[in-house]
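Here is the structure we will look at, set down as structure tokens.
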Amino acid sequence: AAGDLAATEAAASLLSAVLREGDARERKRAIGGDLVKGLARCLKHDRKDAACLRTAANKALGHLAVAAQPSFEDLIAGARPRPKEDPAVLEARRAEAARRAAEDAFLSTPASAHAAALMRHCDTFSKNARLTAAELEGAVRHPVYADVARWLLADRASEFKARDADGSRTLGLDELEDAVDAFQTRIATARKASEDAADAEARAAEAAEIRARRDVQRRESLAQREAEMRELALSKLPPEVWAARAVARDVDASGNRELSLVELDAAISNRSRFSRFLAWLRPHLGALDADGSRSVGVDELATGIGAYLREVYDDDALNAVARRPASRGGE
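Next comes the structure, spelled out in structure tokens:
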């Protein structure tokens, strides 16, 4: 790869990704590894046509001194306890960063440079500047051109045959350049589609979050309006209604919100705190029973309490409950 511009740029991008995304142990391994050694060899090429190689290698190796120093953000983050991340997640993230960097390097390099490099790597049998499918097999494990080779050879070399414009069963440099250009377009199109799908998913999630927030706000607003209306209705209840509710809770043993003669007698016998009013109510029960049910409901009971309070003013037990209670439990 020392004499191959595309491979050198890919190696430089991979080294930059490791220095940027890796931890201290991985950076140390990268500094002493084959990538750095290979890039260092590129710097020794003194041929004129190796100027691009030296530039790419020098740029990558220049990151080593910077990578050895912690950034300001790292220093600040190191001062705070950081939660431990799943090693598998970290490894997947680093692998994706390295893949993305290699892909960026591949896409940013002209198809002509890739075609020339691929031709040099594979044209080893006849060395006639034309590649057969068998010669292209030599690139299926290449760190940069494996995907291109597999794409051309897939489905019984269908893409290879489609690019063979002259029917020679070989690909010349121009045909190989067209093939690489088509593969770059394929990668760029797939990447854009993936990015567009991710953007659409993010927009959909954001829209769903906005809708959910608005639904919560609408429900809260509706609940607040209902509470205000209920509060207004409760504030308009007269004192005798509050007293009637208190008496009903105390006397209504059946829980049907109706007071029968039997329940009145039982409450009087049990010395209810409202016994004085209940004794007055007993002979008036028939007159207050407007619907003929032989019992009085809360509304009928409130009418009786109103009449009773107009006659008797010193019933402390009844006067004490003739107002809205402090607790809402009985409302």
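For the sequence shown, this note's numbering assigns the number 218 to the initial residue and increments by one for each residue that follows.
Idealized CB from N, CA, C, for every residue including glycine.
Euclidean distance between Cα positions of residue i and residue j
i	j	result
residue 370	residue 350	7 angstroms
residue 410	residue 336	30 angstroms
residue 373	residue 399	18 angstroms
residue 523	residue 457	6 angstroms
residue 340	residue 311	34 angstroms
residue 326	residue 302	35 angstroms
residue 488	residue 528	22 angstroms
residue 376	residue 367	10 angstroms
residue 490	residue 531	14 angstroms
residue 436	residue 516	33 angstroms
Proximal residues to residue i (C-beta, below 7 angstroms), its chain only, five neighbours per side dropped
i	result
residue 514	474, 475
Proximity below 9 angstroms, CB of residue i to CB of residue j
i	j	result
residue 187	residue 541	The structure shown has nothing for residue 187, since the chain only spans 218 to 548.
residue 483	residue 467	no
residue 167	residue 353	Because the chain is modelled from 218 through 548, residue 167 falls outside the range shown and cannot be assessed.
residue 361	residue 334	yes
residue 498	residue 518	yes
residue 332	residue 382	no
residue 380	residue 392	yes
residue 464	residue 505	no
residue 408	residue 320	yes
residue 324	residue 405	yes
Helix, strand or coil at residue i [DSSP, three-state]
i	result
residue 475	strand
residue 535	helix
residue 521	helix
residue 513	strand
residue 348	strand
residue 388	strand
residue 460	helix
residue 501	helix
residue 489	coil
residue 335	helix
residue 540	coil
residue 454	coil
residue 302	coil
residue 484	helix
Same chain, Cβ closer than 8 angstroms to residue i, neighbours up to 5 away in sequence not counted
i	result
residue 385	347
residue 317	234
residue 478	499, 502, 511, 512
residue 556	An answer regarding residue 556 cannot be provided, because it is not within the stretch 218 to 548 covered by the chain.
residue 365	331, 335, 356, 396, 397, 400
residue 537	none
Per-residue burial, residue i [other beta carbons within 10 Å of its own, 16 or more giving buried]
i	result
residue 512	buried
residue 481	buried
residue 434	exposed
residue 342	exposed
residue 469	buried
residue 441	exposed
residue 356	buried
residue 431	exposed
residue 462	buried
residue 424	exposed
residue 322	buried
residue 394	buried
Residues near residue i by beta carbon distance below 6 angstroms, same chain, minus five either side
i	result
residue 492	485
residue 428	none
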